[in-house]
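Colleague: This is the structure I have questions about; it appears just below.
Numbering (this note's numbering), first residue to last: -7 to 687.
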């Protein structure tokens, strides 16, 4: 990124005697600043002077305007001292390219994910930040926080461990954090500035007219990002002398900052198509660009877009992140300038159309990404064939790699689309496909943190647009994730709100599921009377709609609530109703399990003889269902009951039968496991309620 650049944007040999930036270019100048920062690490702090051990990590601050090379300096410092921190380097960017501060919750979640630690979906910002600080309490880690918007962000992530080091990059002082001395950057010195130009172009063009090079550096005030663009322009115009560029910039010395002046000059020299594409890249979410994004924004082919992106990267207008797959970033220092250019030269309707094309392209790519996991379906195979070749993925692995690489940009796209408020239909489709693709490739459990954020955005749109069905679905999904992470009280509030929305929408599915979920929340909170009441309401709705399988299951849930409350008579009555209902629906496995639970409650109620008979019947149904585990469990229960009835011989026989069943099952599992896939589906995940616009 030009923000990070003290080096050229062109491709030139890297000197063996110079350090290299993360972009693969030479790091230039800043010798004094680096020396001061390294000395500051060892400087005695206020706590040390007063005789106390420092309670928190030392903070080094690199301050400067975007494009001043502040990130490059921070990265070079990190490179030089990283070996002192054996537990590694962690990085986080705290401001989006458009200037929006990144919430601490998101930054802490991403950092915890890098550390391989759990990040419960919906967890509060303070809890996640505290978990991150606790994770570094016994580590010797270097933390780089780039483009901090304020002291609050840095303070929330500052490790409570003096063995760690935090390097922050910001515009100005971090007022409120004690014992921080900023290293404030101005322009590069003349030698480093000229060296930067020399990296972009043939050195002869500089040596034949060194005064012109010095004049150009002076005009640009040694600003690294401006010098990078100037070098890119000179590289693209090999017939132009350095003096020619200096004269052009001298013609309008008062026209904005050095970076603004050189950007306007470079932009004016671009072909019309490339100039328009460059301006539209300011719309790219999170400044993250690939050929598909540029193609959709500009309304051109993917191949044409890739060529333009390569040309822009060669001029220093983009930072090339990777070549395969091609991936670029819009420099943060250029983002506001490009946005201003777009507003000045493109009509609002054209910009909105470009946003719509970009969202539509993302939707179609996500559809393809999900569909590649469902190729067993003939209908899905036909849909894949109908897609243009540029939108298809060769394998599920390719699709998953793309989704992982584009995850941040896709989530940012959803946030921006919802905030825009004028493209809600496309935003809803994007979020629908994003949820489905993430669940298909990552599983609900692994993607839970991202899903929580997406469902929150869906809720925002539903409330803004007055869409009760989608509001109910979003509330159900958020409540499910709350319940899974132990926030049962919060889940209960959302389930009640989902019930109201479901009734408003006249959506029987949402209404029934919300009533049952309210019951589940009450049961989790230990209020078994209310749980049984809400399960009963859900049962009445299922019976009224003729949904007999669901009704059979709810009889069991009511019985379980009564069992917990110690009302064994009511529990037995409802388990018998469940057994009868499962028999009518023909669900042999569910019939066996209901009989098993009926036998358990009969034993609790002090009816061992009845429990023995019911248990024997359940064994027969479990055998019909080919459920070996249930058969073995029932045999063990029979053995326990026979022991209590004074028949130890029969009890031993049943225990032996259970052991044989489990042994045979384990052997079969071992044999089958040799050919089984290494991973299993996430069967414990909560259901994702689809309440988005249809495909």
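No residue lacks a Cβ here, since even glycine has one placed at the ideal position from N, Cα and C.
Bear in mind that the values here come from a model prediction, so they are computed numbers and not experimental data.
Give me the DSSP bridge partner(s) of residue 315.
Modeller: On the chain shown, residue 315 is found 323 positions in, with the first residue counted as 1. Answer is 318.
Colleague: Using the Cα positions of residue 533 and residue 453, report the straight-line distance between them to the nearest angstrom.
Modeller: Your numbering for residue 533 matches position 541 in the chain shown. Your numbering for residue 453 matches position 461 in the chain shown. Cα to Cα, residue 533 sits roughly 29 Å from residue 453.
Colleague: Kindly indicate which residue of 241, 384 and 385 has the alpha-carbon position closest to the one of residue 218.
Modeller: As a first step, residue 218 is located in the chain shown; it is residue number 226 there, counting from the start. Nearest option by C-alpha distance: 241.
Colleague: Rounding to the nearest angstrom, what Cα-Cα distance links residue 206 and residue 215 in this structure?
Modeller: Here residue 206 is taken as the residue at index 214 of the chain shown, counted from 1. Here residue 215 is taken as the residue at index 223 of the chain shown, counted from 1. Distance between the alpha carbons of residue 206 and residue 215: 13 Å.
Colleague: Can you tell me which of the three DSSP states residue 18 falls into?
Modeller: Translated into positions along the chain shown, residue 18 becomes position 26. Three-state DSSP puts residue 18 in a strand.
Colleague: From residue 611 to residue 627, what does the alpha carbon distance come to, in whole angstroms?
Modeller: As a position in the chain shown, residue 611 is number 619, starting the count at 1. As a position in the chain shown, residue 627 is number 635, starting the count at 1. Their backbone Cα atoms lie some 7 Å apart in a straight line.
Colleague: What does a CB cutoff of less than 7 Å around residue 460 pick up in its chain, not counting 5 residues either side in sequence?
Modeller: Mapped onto the chain shown, residue 460 falls at position 468. Closer than 7 Å at Cβ, skipping near neighbours: 493, 496 and 497.
Colleague: Assess contact between the stretch 575 to 591 and the stretch 608 to 624, defined as three or more Cβ pairs (one per stretch) separated by less than 8 Å. Is contact present?
Modeller: yes
Colleague: Within the same chain, show all residues whose beta-carbon is closer than 7 Å to that of residue 235, passing over the 5 residues directly before and after it, in chain order.
Modeller: The sequence position of residue 235 within the chain shown is 243, counting from 1. Same-chain partners within the cutoff: 201 and 204.
Colleague: Just curious, the beta strand (DSSP E) that residue 175 is in, first and last residue?
Modeller: One-based indexing of the chain shown puts residue 175 at position 183. From DSSP, the beta strand (DSSP E) with residue 175 extends over 174 to 176.
Colleague: I'd like to know whether the C-beta atoms of residue 307 and residue 59 end up nearer to each other than 7 Å.
Modeller: Within the chain shown, residue 307 is the residue found at index 315, counting from 1. Within the chain shown, residue 59 is the residue found at index 67, counting from 1. Taking 7 Å as the Cβ cut-off, residue 307 and residue 59 do not qualify as a contacting pair.
Colleague: Measuring alpha carbon to alpha carbon, tell me which residue in 270, 278 and 499 is nearest residue 291.
Modeller: Residue numbering aside, residue 291 sits at position 299 when the chain shown is read from its first letter. Cα-wise, what sits closest to residue 291 is 270.
Colleague: Whether or not the stretch 75 to 83 and the stretch 132 to 143 are in contact is what I'm after, with contact meaning three or more pairs of Cβ atoms, one per stretch, closer than 8 Å; do they touch?
Modeller: Judged by Cβ distances under 8 Å, the stretch 132 to 143 makes contact with the stretch 75 to 83, as three or more pairs qualify.
Colleague: Please confirm if the stretch 420 to 437 is in contact with the stretch 384 to 404, defined as three or more CB-CB distances below 8 Å between the two stretches.
Modeller: Output reads yes: the stretch 384 to 404 touches the stretch 420 to 437.
Colleague: Would you mind working out which of 175, 154, 153 and 152 sits nearest residue 160, comparing C-alpha positions?
Modeller: To locate residue 160, count along the chain shown from 1; it is residue 168. Among 175, 154, 153 and 152, the Cα nearest to that of residue 160 belongs to 175.
Colleague: Please list the terminal residues of the continuous alpha helix (DSSP H) segment that includes residue 481.
Modeller: Here residue 481 is taken as the residue at index 489 of the chain shown, counted from 1. Per DSSP, residue 481 belongs to the alpha helix (DSSP H) from 480 to 497.
Colleague: Under 8 Å by Cβ, that's how I've got residue 301 and residue 315 pegged, so tell me the actual separation to the nearest angstrom.
Modeller: By 1-based counting over the chain shown, the position of residue 301 is 309. By 1-based counting over the chain shown, the position of residue 315 is 323. About 11 Å; that fails the 8 Å criterion.
Colleague: Which of helix, strand or coil does DSSP assign to residue 129?
Modeller: Here residue 129 refers to the residue found at position 137 when the chain shown is read from its first residue. Three-state DSSP puts residue 129 in coil, outside helix and strand.
Colleague: Based on DSSP bridge pairs, tell me the residues matched to residue 93.
Modeller: Taking the first residue of the chain shown as position 1, residue 93 is located at position 101. Its beta-bridge partners are 87.
Colleague: Which residue marks the beginning of the beta strand (DSSP E) containing residue 139, and which one marks its end?
Modeller: Locating residue 139 in the chain shown gives position 147, where the first residue counts as 1. Run containing residue 139: 134 to 140, per the beta strand (DSSP E) assignment.
Colleague: Just to confirm the assignment, what range does the alpha helix (DSSP H) spanning residue 585 have?
Modeller: Position 593 of the chain shown, counted from the start, is the residue given in the question as residue 585. Here the alpha helix (DSSP H) through residue 585 covers 580 to 596.
Colleague: Using three-state DSSP, classify residue 690 as helix, strand or coil.
Modeller: Here the chain comprises residues numbered -7 to 687, so residue 690 is not present and cannot be evaluated.
Colleague: Leaving aside the five residues before and after residue 664 along the sequence, list all residues of the same chain whose C-beta is less than 6 Å from its C-beta, in chain order.
Modeller: By one-based count along the chain shown, residue 664 stands at place 672. Per-residue confidence for residue 664 stands at a pLDDT of 48, beneath the threshold of 50, marking its modelled position as unreliable; no derived number is given.
Colleague: Of the residues 540, 412 and 504, which one's Cα is nearest the Cα of residue 527?
Modeller: Position 535 of the chain shown, counted from the start, is the residue given in the question as residue 527. Comparing Cα-Cα distances from residue 527 to each of 540, 412 and 504, the minimum goes to 504.
Colleague: Given that a residue counts as buried once 16 or more other Cβ atoms are within 10 Å of its Cβ, and exposed if not, what is residue 413?
Modeller: Stepping through the chain shown from its first residue, residue 413 is reached at position 421. Residue 413 comes out exposed.
Colleague: Do residue 82 and residue 103 have their C-beta atoms closer together than 7 Å?
Modeller: For the purposes of this step, residue 82 is taken as the residue at position 90 of the chain shown. For the purposes of this step, residue 103 is taken as the residue at position 111 of the chain shown. The answer is yes: Cβ separation under 7 Å.
Colleague: Determine the contact status of residue 89 and residue 324, defining contact as a CB-CB distance below 7 Å.
Modeller: Here residue 89 is taken as the residue at index 97 of the chain shown, counted from 1. Here residue 324 is taken as the residue at index 332 of the chain shown, counted from 1. Result yes, Cβ atoms of residue 89 and residue 324 sit closer than 7 Å.
Colleague: When burial is assigned at 16 or more other CB atoms within 10 Å of the CB, is residue 40 buried or exposed?
Modeller: Taking the first residue of the chain shown as position 1, residue 40 is located at position 48. Model confidence at residue 40 stands at a pLDDT of 48, short of 50, so the residue's coordinates are unreliable and nothing is read from them.
Colleague: Check each candidate in 282, 356 and 343 and name the one with the smallest Cα separation from residue 313.
Modeller: Taking the chain shown and counting its residues from 1, the one referred to as residue 313 is at position 321. Closest by alpha carbon: 282.
Colleague: Where do the ends of the alpha helix (DSSP H) carrying residue 160 lie?
Modeller: Residue mapping note: residue 160 aligns to position 168 of the chain shown, counting from 1. Taken as a continuous stretch (DSSP letters only), residue 160 belongs to no alpha helix (DSSP H), being part of the beta strand (DSSP E) at 157 to 162.
Colleague: Considering only their Cβ atoms, is the gap separating residue 473 from residue 501 smaller than 7 Å?
Modeller: Taking the first residue of the chain shown as 1, we reach residue 501 at position 509. Taking the first residue of the chain shown as 1, we reach residue 473 at position 481. No, the pair does not count as a contact, with Cβ atoms beyond the cut-off.
Colleague: Quick check: the Cα distance between residue 348 and residue 426, rounded to an integer number of angstroms?
Modeller: Start at 1 with the first residue of the chain shown, and residue 348 comes out as number 356. Start at 1 with the first residue of the chain shown, and residue 426 comes out as number 434. For the pair residue 348 and residue 426, the Cα-to-Cα distance works out to about 16 Å.
Colleague: For the candidate residues 364, 417 and 374, whose alpha-carbon lies nearest to that of residue 391?
Modeller: Along the chain shown, read from residue 1 onward, the residue named residue 391 stands at position 399. Nearest of 364, 417 and 374 to residue 391, Cα basis: 364.
Colleague: By Cβ distance, which residues of its chain are closer than 6 Å to residue 595, with the 5 residues on each side in sequence left out?
Modeller: On the chain shown, position 603 is the one that residue 595 refers to. These residues qualify, in order along the chain: 603.
Colleague: Helix, strand or coil for residue 362 per DSSP?
Modeller: Here the question's residue 362 lines up with position 370 in the chain shown. Residue 362: helix per DSSP, three-state reduction.
Colleague: Quick one: give me the first and last residue of the beta strand (DSSP E) that residue 55 is part of.
Modeller: Counting from one through the chain shown, the residue named residue 55 turns up at place 63. Start and end: 50 to 55.
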